[in-house]
Amino acid sequence: MHTDDRHTFDWTYPPYDAEDAPILGSQLLAVTQKAVERLGDQWGAAAGPGGRTGHLRTDHTVFTIGVCQAGDVFLRNDKIGDVMHLPHVNANSSPDDIAEAVAQHVGHLY
0 MHTDDRHTFD
10 WTYPPYDAED
20 APILGSQLLA
30 VTQKAVERLG
40 DQWGAAAGPG
50 GRTGHLRTDH
60 TVFTIGVCQA
70 GDVFLRNDKI
80 GDVMHLPHVN
90 ANSSPDDIAE
100 AVAQHVGHLY
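In structure tokens:
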């Protein structure tokens, strides 16, 4: 699995845990890495700026995975700017559940 530290955007809100402490970026990177495991080795994972997002990338497209202020997990296609909140998962969901939701959505596109 390819992991790097490049990123594309520096906008989003950091995710917070139940005690209103920021969740470390390693958790969003872990979600992205788990999504790569499900999607295949043509995908790569990268941490976003300041640990605020994770990036799922292939040669032509980058998807940003993050958490909005309401605690919903979003997936943004950075190439076209399309953003969606993933159904059935939020900031309190397990990394495995979020990765599965990401992989299902991205897998339908590619």
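Going letter by letter, the sequence shown gives residues 0 to 109 in numbering that gives the first Met the number 0.
Idealized CB from N, CA, C, for every residue including glycine.
Cβ shell of G70 (< 6 Å), same chain only, five flanking positions each side left out:
Around G70: N89 and A90.
Can you tell me which of the three DSSP states T60 falls into?
Coil, per DSSP.
Can you give me the C-alpha to C-alpha distance between L23 and Q68, rounded to a whole angstrom?
Confidence at L23 is low in this model, with a pLDDT of 49, below 50, so its placement is unreliable and the value that follows should be read with caution. Rounded to whole angstroms, L23 to Q68 spans 16 Å at the Cα level.
By alpha-carbon positions, which one of G49, D77, P48 and T57 ends up nearest to A34?
It is T57.
Pick helix, strand or coil for A100, following the three-state DSSP scheme.
Three-state DSSP puts A100 in a helix.
When burial is assigned at 16 or more other CB atoms within 10 Å of the CB, is V82 buried or exposed?
V82 sits exposed, since fewer than 16 C-beta atoms from the chains shown fall within 10 Å of its C-beta.
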